[in-house]
Amino acid sequence: MGSISNVPAFNQYSTYSAAPGSNYYDVNGVNIGSTQGYGASSQGNLLTKWETTETTNIGLDASILQGKWSFTVDVYTKNTRDLLVPSLRNGLELLVTKPLVNLGTMRNTGIDLQLTNQGRITSDLSYDATLTFTHYKNQLTKLNDENTAQLVAASRITNALITTQGQAVSSFYGYQIDGFYNNQAEVDAGPKINGASGVVGSWKYKDMNGDGNITTADRTVLGSPHPNFQMGLNLGFRWKGFDLSSFVFWNQGNQLYNYTKYFTYMGVLGGSVASGSYMTPGHPKLPRPPKRPNWGRSHQWLYSLCDGQFEFILCRERVVSAG
1091 MGSISNVPAF NQYSTYSAAP GSNYYDVNGV NIGSTQGYGA SSQGNLLTKW ETTETTNIGL
1151 DASILQGKWS FTVDVYTKNT RDLLVPSLRN GLELLVTKPL VNLGTMRNTG IDLQLTNQGR
1211 ITSDLSYDAT LTFTHYKNQL TKLNDENTAQ LVAASRITNA LITTQGQAVS SFYGYQIDGF
1271 YNNQAEVDAG PKINGASGVV GSWKYKDMNG DGNITTADRT VLGSPHPNFQ MGLNLGFRWK
1331 GFDLSSFVFW NQGNQLYNYT KYFTYMGVLG GSVASGSYMT PGHPKLPRPP KRPNWGRSHQ
1391 WLYSLCDGQF EFILCRERVV SAG
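The opening position of the sequence shown corresponds to residue 1091 in the working numbering, with each subsequent residue numbered one higher.
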């Protein structure tokens, strides 16, 4: 069991800046000159202290058959308190950058497994194989006193990530796509988008609160960047002076945000993936939007999410010695 801590530099200091557009003033009232002044740009927090993470590990190592088989298991819990988070505005302070304050708490639990087998196939050919498995769960248990969510933009996409109590840190956030409109009857029966109706072929967004209107209140957590588990396999063979090794990595269960689709799919900046493949009356089930911009009302967040499962295989061979 142990703990680690950190604190950002300069968070305790208030800073000031000078800019002609905001901090210069015609003190003499002659309209021919101005005097340089200074204005607050950030607010410091003298009470800032270190975040603290306490880790508890329970592990077991075992081997049998004179080391032919070995096994390792490690179960851990990490609790972080006094997590540094942006302070909330009360509406009375100046429009300055707010300091970080020690309010958040976070919990991570997980398990790591490793199984190794090694031996000889012949007198000249030996091998070793190691299988690893890891799983963890991340949860923010407290963000601030009012449990106000923290939204983070992703370049051109506003509020693409959310960090809030009870969810994994930096979960994907936005509108849930519920298919698309196949005909005018579905459009008429569907919810309004900021008071306006959709069109045939446009995405249909899920009305999360059931009020018949798609507003910012209908945004929800769409997925998590944290995987369900990760696995790896190392294989090695040695024969006389030759060595062959390979590595396989497997990631399962998380989602990725395919930001490329913002440019290549929806025609935002001349994207061409969907051009020529738009929905037509003869193809009502074709999953394409009509030939008109749709990004002005939304950024198709859910459509840009994809499963994060992937495998990576690397092989390497070499000559250790010759003779």
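Backbone N, C-alpha and C fix where the C-beta goes; we use that ideal spot for every residue, glycine too.
Anticipated Cβ contact below 8 Å, residue i with residue j, distance rounded
i, j, result
"Q1274", "V1290", "6 Å"
"Y1166", "N1147", "5 Å"
"V1175", "L1185", "At roughly 20 Å, the Cβ-Cβ gap does not stay under 8 Å, so V1175 and L1185 are not in contact."
"R1171", "T1195", "5 Å"
"G1285", "V1277", "Contact doesn't hold; Cβ gap of about 14 Å is too wide."
Minimum C-alpha distance to residue i - residue among the options
i, options, result
"S1261", "W1140, S1314, N1324 and N1318", "S1314"
"Q1102", "T1138, G1123, G1302 and I1252", "T1138"
"F1319", "R1328, G1285 and N1344", "N1344"
"R1197", "F1100, L1173 and T1224", "L1173"
"L1241", "N1147, G1129 and A1250", "A1250"
"W1340", "L1230, T1224, A1286 and T1310", "T1224"
"G1127", "E1236, N1348, A1109 and V1277", "A1109"
"A1342", "T1350, K1330, R1328 and P1317", "Looking at the sequence itself, residue 1342 is Gln, so the reference to Ala does not match. Closest by alpha carbon: P1317."
"L1346", "W1329, K1282 and L1312", "L1312"
"N1234", "T1206, T1220, T1222 and T1253", "T1253"
"L1221", "D1202, T1306, N1272 and V1259", "D1202"
"D1268", "Q1156, W1329, A1279 and Y1295", "Y1295"
"S1090", "W1329, E1236 and G1288", "Lying before the first or after the last residue shown, residue 1090 is absent from the chain, which here runs from 1091 to 1413."
"Y1271", "G1264, P1281 and T1306", "P1281"
"A1152", "D1164, E1144 and R1309", "D1164"
"D1301", "N1192, T1187 and I1283", "I1283"
"R1309", "S1335, A1239, Y1349 and D1278", "A1239"
"G1129", "T1187, I1304, Y1263 and S1177", "T1187"
Residue i, DSSP secondary structure in three states
i, result
"S1132", "strand"
"T1187", "strand"
"E1276", "helix"
"D1235", "coil"
"D1308", "helix"
"V1289", "coil"
"P1281", "coil"
"Q1257", "coil"
"D1214", "coil"
"Y1103", "coil"
"Q1345", "strand"
"W1140", "coil"
"I1252", "strand"
"A1364", "A caution first: A1364 carries a pLDDT of 49, below 50, which makes its placement in the model too unreliable to give a value."
"Q1390", "Its pLDDT being 43, under 50, Q1390 is placed unreliably in this model, and the value from its coordinates should be taken loosely. In the structure shown, Q1390 sits in coil (DSSP, three-state: anything other than H, G, I, E or B)."
"S1112", "coil"
"V1338", "strand"
"D1333", "strand"
"R1382", "Any reading at R1382 must be qualified, since the residue scores a pLDDT of 48, below 50, and its modelled position is unreliable; the value itself is stated next. Three-state DSSP puts R1382 in coil, outside helix and strand."
Within 8 Å, strictly: CB atoms of residue i and residue j
i, j, result
"G1326", "D1218", "yes"
"S1104", "S1132", "yes"
"Q1204", "T1142", "no"
"Q1255", "K1227", "no"
"N1068", "F1337", "The shown model of the chain, from 1091 to 1413, leaves out residue 1068, and the question about it has no answer."
"Q1208", "K1168", "no"
"Y1114", "S1124", "yes"
"S1160", "T1206", "yes"
Residues that DSSP places opposite residue i in a beta bridge
i, result
"A1219", "N1207 and L1325"
"A1152", "F1161"
"N1198", "K1168 and N1228"
"G1313", "F1262"
"L1174", "N1192"
"Y1295", "I1267"
"T1350", "DSSP, once it has assigned bridges, lists no residue as partnering T1350."
"N1303", "K1282"
"N1147", "Y1166"
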